[in-house]
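So the structure is just underneath, and the comments pick up after that.
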Amino acid sequence: MKKIIIALFIINLNIIHCQSLENLKKSDTVYILFDHGKNQEKFFEGSLNPFYTFFFHNSIYKQFRFKHLISENYESITKQNVFLKKEKNKIIDGNFFYEYNTTELLDFFEKKRVLYIIDTDDFKNNDIILKKVIFESTFERGQ
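Going by my numbering, the sequence shown opens with residue 22, and the numbers climb by one from there.
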């Protein structure tokens, strides 16, 4: 039940407060909400390292992937759920990938900034686990 309440809280934050790309560009850290919704998939590709994928306009060939490198000890951080309210300006969700064109998104994610996935499956009681990820894409410039 607590997971549902937290998920609804996050969804409401994103509906009420839409992030602009320009504001997010000023941030050195961005949090990506992964709620296992439409056009999102979590999978493992031959290792323990999970990929969090956001499909762009329903195309399995065009996707933004974020990889959590467990084997290289990429950090996971536990925060209290009040973190969501404090950092709401830095949290994006699946809808973010539809608001901007491919070039804008590639430019944004390829800049040197720290990216964390917030996987709603990892919510425990009042704790949220943030997983540091690296960005990958199957897009090429100009698509």
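Think of the CB as a built atom: it goes at the ideal place given N, C-alpha and C, for glycine as much as any other residue.
Open item on the list: Beta-carbon within less than 7 Å of residue 37's beta-carbon, same chain only, minus the 5 sequence neighbours each way: which residues are those?
Closed with: Because residue 37 sits at a pLDDT of 41, beneath the cut-off of 50, its placement in the model cannot be relied upon, and the point is left open.
- [ ] Could you pull the start and end residues of the beta strand (DSSP E) that residue 119 belongs to?
- [x] Looking at the DSSP string, residue 119 is not in any beta strand (DSSP E); the run it does join, the alpha helix (DSSP H), is 117 to 120.
Task: Alpha-carbon to alpha-carbon, residue 113 and residue 119 - done: 11 Å
- [ ] Rounded to whole angstroms, what's the CA-CA distance from residue 47 to residue 41? Just pull it up for me.
- [x] 11 Å
Task: Whole-angstrom distance between residue 145 and residue 50, CA atom to CA atom - done: 23 Å
TODO: Name the residue from 122, 148 and 139 whose alpha carbon lies nearest to the alpha carbon of residue 71.
DONE: 139
- [ ] Let me know the secondary structure DSSP gives residue 46 once reduced to three states.
- [x] helix
Open item on the list: On the CB-based measure, 16 or more other CB atoms within 10 Å of its CB, does residue 149 come out buried or exposed?
Closed with: buried
Task: Rounded C-alpha distance that separates residue 69 from residue 103 - done: 30 Å
Open item on the list: Please list the terminal residues of the continuous beta strand (DSSP E) segment that includes residue 62.
Closed with: 61 to 65
Task: residue 155, DSSP secondary structure in three states - done: strand
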